[in-house]
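Chemist: I have a structure here, written as structure tokens, and I will follow up with some questions on it.
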Amino acid sequence: AAGTVVEGVPNLLEAGSPSQLRIFILLASNDEFAKFSSQQQKHQLLSKLPKTSRLETIQGANHSGFSSYDAASKKGSAFDGPRDITLEAQHKEASSRTARFLLS
Numbered sequence: 033a034a035g036t037v038v039e040g041v042p043n044l045l046e047a048g049s050p051s052q053l054r055i056f057i058l059l060a061s062n063d064e065f066a067k068f069s070s071q072q073q074k075h076q077l078l079s080k081l082p083k084t085s086r087l088e089t090i091q092g093a094n095h096s097g098f099s100s101y102d103a104a105s106k107k108g109s110a111f112d113g114p115r116d117i118t119l120e121a122q123h124k125e126a127s128s129r130t131a132r133f134l135l136s
């Protein structure tokens, strides 16, 4: 949901979109790749989604922490912010929040 991606997100409130659609967006506070450039951009995205959509941020997490890149490749690190929590902590938080959303 970063950069110009917001413009590419369809308005899911228009006729024809499933009314039971559930959306969960999980971001990382130190993500330098997928981030909003402004509060206006964040509101623009949310205005296209059902009111029941949830957007959450894991504090201290970064973009590459949503995956398990091997130490040799360090994929994404050139475009990413530092991770202030352990990889294991980020994975645990991401899976816990996702499970809570799916079970709600």
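First residue of the sequence shown: 33, per our numbering; consecutive thereafter.
Ideal Cβ positions, reconstructed from N, Cα and C, are used throughout, including at glycine.
Within a Cβ cutoff of 6 Å, which residues of the same chain sit near Ala-34, ignoring the five residues on either side of it in sequence?
Modeler: Because the pLDDT of Ala-34 is 49, which lies under 50, any placement of that residue in the model is unreliable, and the number read from its coordinates should be weighed accordingly. For Ala-34, where only same-chain residues beyond five positions count, the Cβ hits under 6 Å are Ala-66 and Lys-67.
Chemist: If you count every other CB in all the chains shown that lies within 10 Å of the CB of Asn-43, and 16 or more means buried, which is it?
Modeler: exposed
Chemist: State yes or no: is the C-beta of Leu-81 within less than 8 Å of the C-beta of Val-38?
Modeler: no
Chemist: What three-state label does DSSP hand Glu-46 in the structure shown?
Modeler: coil
Chemist: Whole-angstrom Cβ separation of Ala-60 and Phe-111, contact assumed at under 8 Å?
Modeler: Not confirmed; about 13 Å, so no contact.
Chemist: To the nearest angstrom, how far is it from the Cα of Ser-51 to the Cα of Tyr-101?
Modeler: 37 Å
Chemist: Name the DSSP beta bridge partners of Glu-125, please?
Modeler: DSSP, once it has assigned bridges, lists no residue as partnering Glu-125.
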